[in-house]
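So the protein lines, in turn, are chains A and B. The first sequence lines up with residues 416 to 747 when you count with my numbering. The second sequence lines up with residues 2 to 352 when you count with my numbering. Structure first, then comments.
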Amino acid sequence: MADLLNALAVAGKSALGFQAIFFALLAIGINVQFGYAGLLNFGQIAFAMLGGFGIAISVSKWGIPFWAGVLVGLAAAVVLALLLGLPTLRLRADYLAIATIATAEGLRLLFRSVSATPVTNGTRGLSGFNGDFIALAPWNTSQRYSILGTSWSGGELWVAAIGWLLVILGSLLVFLLMRSPWGRVLKSIREDEDAVRSLGKNVYVYKMQALVLGGVFGALGGMVYAVGTGSAVPDQYQNANTFLAYAALILGGAARVLGPVIGAMILLFILQFADTGLRLLISNGVIPEDLLSSTDVAQIRFILVGVGLMLLLIFRPQGIFGDRREVMLDAR
Amino acid sequence: MPADPTPHGATASGAGTSGESGYHPERAGGWTSGDAPQRLAQVALRDLPWEVGVAKPDPAVVVDGVTRTFGGLTAVSVDHLEVQRGGITGLIGPNGAGKTTLFNLLTGFDQPDTGTWSFNGQSLGKMSPHQVARLGVVRTFQLTKALSRLTVLQNMLLGAQDQRGESFFRALVPGTWCAQEKANTEKAMDLLRRFKLDAKKDDFAGTLSGGQRKLLEMARALMSDPQVVMLDEPMAGVNPALTQSLLGHVKDLREQGMTVIFVEHDMDVVRDISDWVVVMAAGRIIAEGPPESISQNQAVVDAYLGAHHDAPLTVEEEDQVLAEAERTIAREQGSDGDVLGSERGPERTDR
């Protein structure tokens, strides 16, 4: 029983930690692009990587202040969004999807390549750039704090606090935008671009704005991740993370302000709970060692998440927050 | 361009307006205040000759030499067309005649290979669809484009022009757009009441029936206060009762001084509401004239039914055909053939 409580606590910490914030910010960005504007960005992780490396390179290599690095990361994400959007947004939706997925993989390979080593340190990546940020914490960051049966370092707590502040501000921004006429145009573009064009709206500009805004959220997520881990390694930014963010968004409910946030928390909770729980069952001998060894757990938990998502899509296709009537309209 | 110097001819000769006496369309709704604007367009067009490319007294839209080809197929090839301001112009033609392509070209949804066209003297060439719409030329689509997962009211509000809250940064400050939004909502509700959709304002547009979507699309287009409304098959797939209501709405647009261009296949509808009818076939305009002139036009009949149709023949025509057939056979066989047996063959090929 105590073990179970412990597993729950560990999973709870995971659902509140910087990884959950990372996925929440990525998913908020995807929500703006995919949920509201209908843009298929399959390379959200590229924006996150530019955010993370924006800080890392600025501080470690160029020696400029942390906050200037944040601006560099955001600017890089905006530029990437513009570069991706300029040629593809006039075309059908699939072209953006192809361009983004290729860019995400290409940028990662570029950042880990030997020729990029002078800037990105290649596969080893950069570290030691978050000192300025951690030093701002109002509490002692070298000490460990115990919260609800879990142990947090002061630094972790500080990153999580600022990260959730970002998530809250981001959600507020999305909320304000989506109840405005601007959000109405975006949702209309998702439904039918030509109808929106025939009513005098410049669809291209709105799509570009959505792509840039979503990319900026992605960059913020990448920054939280880089600062949380204290390092920026290209292979941390595998494009699988984009699809986990999509999973979080669909879990929570697309085109809902809180959908991506709650979805990311639940996703991380399930992943961590499955992990700890399965290891517990194996070590207790409830699951025989020759059926499932503790080394398999890391893979099995994703299978469990996959099964969970399938069940969700069958029985609650709108996600946790979605409106079932709205989702069912697609079937017509 | 030889413009007719007597646009509002009080001394109408009446030539070619044989159907004039019966031309008082019943009002479908109770909101028509007077029929002066409609009369103006109709009177202005009364004296025009029924010929392709004829100059109108007060054209809102002028098309010159527009062609559009898809590969080897010439979808549209219009030499000259003028559309009278404040009138209802029907655009008819068999399937594949290029009506919708012409619509797409006029509204910027497609770019032509050659040609110019203008609205109120302003050239619309190279303009994108939203720029055309902002000038006041708004269209609907053959396949209705209701925004399914938006409510009916949101659909309507999207149609309003110059919304301050549609800019990214002002959207974040509700104070800048709240008043305008409220005014737009009132206007939208007025229109919805007129189109009898007000009870559905909070339903998703995707739950409406096909006819209601047509109504919604037309109402949404009106939210932008257009000067020219282009309706692509507004009555297609709509039940007869709703057709009457839609007809009333279209006539009402004319009462409000808008120029209406519409594509339609139902000839009764075209006869009922158009002031002027333009007939297209195989990308070209083959006839123009008041509605009553169209059904008598041989080119139109040929285009619709094919040049080889079996129309009932008069006695003289039958004799002619027979004589011709006999001549043909005589020529081909060099002898008096069996006239009776080949009577219908030549009739098909010669007409």
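Don't be surprised by glycine CBs; every beta carbon is placed ideally from N, CA and C.
(request) Examine chain B for any beta-carbon lying closer than 9 Å to the beta-carbon of G629 of chain A, and answer yes or no. (result) Not one chain B Cβ lies under 9 Å of G629 of chain A.
(request) Could you please give me the residues that DSSP links to G290 of chain B through a beta bridge? (result) Answer is B:V278, bridged to G290 of chain B.
(message) By the three-class DSSP mapping on this structure, what secondary structure does D80 of chain B have?
(response) In this structure, D80 of chain B counts as strand in the three-state DSSP scheme.
(request) Have a look at M416 of chain A and A426 of chain A and give me their C-alpha separation to the nearest angstrom. (result) Rounded to the nearest whole angstrom, the C-alpha separation of M416 of chain A and A426 of chain A is 15 Å.
(message) Applying the 10 Å Cβ sphere with the 16-neighbour rule, what's the burial state of S530 of chain A?
(response) Per the 10 Å Cβ criterion, exposed.
(message) Quick check on this structure: which residue in A:V493, A:V485, A:W567 has the alpha carbon closest to the alpha carbon of S429 of chain A?
(response) From the listed residues A:V493, A:V485, A:W567, the smallest Cα separation to S429 of chain A is found for A:W567.
(message) I'd like to know if E182 of chain B contacts chain A, where contact means its C-beta is closer than 9 Å to some C-beta of that chain.
(response) Yes - at least one Cβ of chain A is within 9 Å of the one on E182 of chain B.
(request) Assign D191 of chain B to one of two classes, buried (16 or more other C-beta atoms within 10 Å of its C-beta) or exposed (fewer than that). (result) With a 10 Å radius around the Cβ and a threshold of 16 neighbouring Cβ atoms, D191 of chain B comes out exposed.
(message) Please tell me whether S129 of chain B has its Cβ less than 9 Å away from any Cβ of chain A.
(response) S129 of chain B has a beta carbon lying within less than 9 Å of a beta carbon in chain A.
(request) Enumerate in chain order the residues of its own chain whose CB-to-CB distance from D650 of chain A is below 6 Å, with the five nearest sequence positions on each side excluded. (result) There are no such residues.
(message) Please state whether the Cβ-Cβ distance between T141 of chain B and K215 of chain B is less than 9 Å.
(response) Yes, Cβ-Cβ distance for T141 of chain B and K215 of chain B is below 9 Å.
(message) Does chain A have any CB closer than 9 Å to the CB of R135 of chain B?
(response) Yes, R135 of chain B counts as interfacial toward chain A.
(request) Using only alpha-carbon positions, find the residue among B:H131, B:K127, B:V138 that is nearest to F120 of chain B. (result) Considering only B:H131, B:K127, B:V138, the residue with the shortest C-alpha distance to F120 of chain B is B:V138.
(request) Taking 8 Å as the threshold, find out whether the region 432 to 445 of chain A comes into contact with the region 675 to 683 of chain A through three or more Cβ pairs. (result) Touching, yes.
(message) Is the beta carbon of G637 of chain A closer than 9 Å to that of L465 of chain A?
(response) Yes, the Cβ-Cβ distance between L465 of chain A and G637 of chain A is below 9 Å.
(request) Return no unless some Cβ of chain A is closer than 9 Å to the Cβ of R28 of chain B. (result) For R28 of chain B, the pLDDT reaches just 37, beneath the cut-off of 50, and the residue's location in the model is therefore unreliable, although a value from the coordinates is still provided. Chain A contact via Cβ: absent.
(request) In angstroms with no decimal places, state the Cα-to-Cα distance between A496 of chain A and W277 of chain B. (result) Taking the straight line from one Cα to the other gives about 50 Å.
(message) Applying the 10 Å Cβ sphere with the 16-neighbour rule, what's the burial state of L506 of chain A?
(response) Burial call: exposed.
(request) For L628 of chain A, collect the residues of the same chain with a Cβ closer than 6 Å to its Cβ; drop the 5 residues on either side in sequence, then sort them by chain order. (result) Taken in chain order, the residues that qualify are V447.
(message) Under 9 Å, Cβ to Cβ, is there at least one residue of chain D near K602 of chain A?
(response) No chain D is part of this structure, whose protein chains are labelled A and B.
(request) Helix, strand or coil for R605 of chain A, going by three-state DSSP, please let me know. (result) In the displayed model, R605 of chain A falls within a helix according to three-state DSSP.
(request) Kindly indicate which three-state DSSP category Y652 of chain A falls into: helix, strand or coil? (result) Reduced to three states, the DSSP call for Y652 of chain A is coil.
(message) Less than 8 Å between C-beta atoms, sequence neighbours within five positions excluded: which residues of the same chain meet that for T565 of chain A?
(response) Excluding sequence neighbours, T565 of chain A sits near A424, V425, G427, K428.
(request) Helix, strand or coil for P60 of chain B, going by three-state DSSP, please let me know. (result) Strand.
(message) Whole angstroms are fine: how far does the CA of L247 of chain B sit from the CA of G212 of chain B?
(response) Taking the straight line from one Cα to the other gives about 9 Å.
(message) Any beta carbon from chain A within less than 9 Å of N121 of chain B's own beta carbon?
(response) No, N121 of chain B does not count as interfacial toward chain A.
(message) Less than 9 Å between the C-beta atoms of Q362 of chain B and E234 of chain B, yes or no?
(response) This structure leaves residue 362 of chain B out entirely; chain B is present only between 2 and 352.
(request) Could you work out which residues of chain A lie near P139 of chain B, taking near to mean beta carbons separated by less than 9 Å? (result) For the sequence presented, residue 139 of chain B should be read as Val rather than Pro. Simply S613, L614, G615.
(request) Count the CB pairs spanning the region 661 to 675 of chain A and the region 727 to 737 of chain A that are closer than 8 Å, and state whether there are at least three. (result) Yes: the two stretches touch, three or more of their Cβ pairs being nearer than 8 Å.
(message) Tell me which residues share the same chain as A283 of chain B and place their Cβ nearer than 7 Å to its Cβ, disregarding the 5 neighbours each side in the sequence.
(response) So the qualifying residues of the chain are A98.
(request) Just the C-alpha distance for Q434 of chain A and Y640 of chain A, rounded to the nearest angstrom, thanks. (result) Straight through space, the alpha carbons of Y640 of chain A and Q434 of chain A are spaced by roughly 7 Å.
(request) With a 10 Å radius around its C-beta and 16 neighbouring C-beta atoms as the bar for buried, classify M236 of chain B as buried or exposed. (result) With 16 or more other Cβ atoms within 10 Å, it is buried.
(request) Reducing DSSP to helix, strand and coil, say where R194 of chain B ends up. (result) The DSSP-derived three-state label of R194 of chain B is helix.
(message) Assuming V620 of chain A is part of the alpha helix (DSSP H), what are its boundary residues?
(response) Boundaries of the alpha helix (DSSP H) harbouring V620 of chain A: 618 to 644, taken from the DSSP string.
(message) For Q653 of chain A and G444 of chain A, what's the separation of their Cα atoms in angstroms?
(response) Linking Q653 of chain A to G444 of chain A through their CA atoms gives a straight-line distance of about 17 Å.
(request) Put S595 of chain A into one of helix, strand or coil per three-state DSSP. (result) S595 of chain A: coil per DSSP, three-state reduction.
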